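Asks: Here the sequence shown is numbered in numbering that gives the first Met the number 0, starting from 0 and rising by one per residue.
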Amino acid sequence: MTSQPEFPATRLRRLRYNPQVRRLIRKTRISASQLILPLFVRTGKNVRQPIISMPGQFQLSVDQLVIEAQEAFQLGLGGIILFGIPHEKDSTGSDSYADEGIIQQGIRAVKDAVPELLVISDVCFCEYTDHGHCGVINEKTGHMDVDNDATLELLALQTISHAHAGVDIVAPSGMMDGMIGAIRSALDSEGFSHLPIISYAAKYASGFYGPFRDAAESTPQFGDRRTYQMDPTAVAEQALREVALDLSEGADMIMIKPAMAYLDIVHMVQQNFPGVPLAAYNVSGEFSMIKAAAERGWIDEQAVAMESLTAIQRAGAQIILTYWAKEVAAWLRT
Ligand code: PBG
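1. By DSSP, does I79 sit in helix, in strand, or in coil?
2. Identify the continuous beta strand (DSSP E) that holds D121 and give its terminal residues.
3. Can you tell me where the beta strand (DSSP E) holding P49 begins and where it ends?
4. Is V169 closer than 8 angstroms to I179 when the C-beta atoms are compared?
5. Any idea which residues DSSP pairs T321 with across the strands?
6. Among Q56, I24, R47 and Q19, which one has its Cα closest to the Cα of W323?
7. Return the residue from the list H142, I159, I136 and S160 that minimises the CA-CA distance to A149.
8. Determine, using beta carbons only, whether Y203 and P114 come nearer to each other than 8 angstroms.
9. Give me the Cβ distance between L59 and E70, rounded to the nearest whole Å; I'm assuming they're in contact under 8 angstroms.
10. May I ask you to report which of helix, strand or coil DSSP gives S188?
11. Smallest Cα separation from M143: which of S30, M305, F39 and T226?
12. Return the Cβ separation of D167 and L239 in integer angstroms, given the expectation that the two are a contact with Cβ distance under 8 angstroms.
13. Go ahead and pull the three-state DSSP assignment for D263.
14. Do A31 and G83 have their C-beta atoms within less than 8 angstroms of each other?
15. How would you label L23, buried or exposed, when you count the other beta carbons within 10 angstroms and need 16 or more for buried?
16. Nearest to T232 by CA position, among P7, D263, Q220 and G284, is which residue?
In structure tokens:
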């Protein structure tokens, strides 16, 4: 910190004296181009099924997804991230790597209709498996847990099918050890060495995902995700190990999740890896809490949403995944 003369020579209120001065020295600016809108695609036609726990968000059939994507493009958003809700779930989540799977249909339709819109796909199994876990279950040993290495093979299949459907960036979110390496080598050997990976490198086992699990119908049918998602009470620097591993395996960009309760992690990762594009996921619970309080008139939604995104960016995230992306783009224009 540089030294400064004491009061009254120094009066920091001069820096806030009028809106013009405040505007001149503003540092954190949210722009639509850094926001990613999460969208849920499901089977059917003309379906816009409201997600009760996430006001204003919907499960969309492919035709409706395309309309939403067009809007996202017109608003100048950075892109969209897609989650698939298959018609049928099974033990290996086979819809997730089928050519005609729901997310593959969604990716193709959006890239056909709006080729210039950036499309990211969430690469995971929890929306596709009947047990709701992020991989296949190892039943042989009696230890009912996700089988890490068997899941890697299926993750590779899933990623390749997204790549063939035309996705722009893949976002593995399952917190399997070695997932980035497995996905990178699968992509490279299939001719997709140009396709970037944004890794959910530090993803915590969080209660803030509650509304999303309603939206994606992905609540685990037994147990929880604590053997793969990170423990919020573990030493914070474990996140640095996760990030370093993912980068060494070939991740191009890094994501931290959730955002608001993990701004220390966002900041620490940004400080330690300043050259790596960093994203944070402002997750469903963060969104729904503010929506619910705003519906009761207890807080001002726009002010609190913008303040949240400002905090996330100030902490060090240059990319933000948020359910408010469309609203923010509209607010920024007024
Ligand atoms: C897993 C995944 C989850 C979210 C994004 N990807 C859910 C989970 O881990 O249970 C949560 C996103 C949100 O809460 O908004 N595929």
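All residues carry an ideal CB built from backbone N, CA and C; glycine is no exception. Given the structure is predicted, the values throughout are model-derived calculations rather than measurements.
Replies: This is what the structure holds:
1. strand
2. V118 to V122
3. R47 to P49
4. no
5. N281
6. Q56
7. I136
8. no
9. Their Cβ separation, rounded to whole angstroms, is 12 angstroms, which puts L59 and E70 out of contact at 8 angstroms.
10. helix
11. T226
12. In fact, because the Cβ distance is near 28 angstroms, the residues do not count as touching under 8 angstroms.
13. helix
14. no
15. exposed
16. D263
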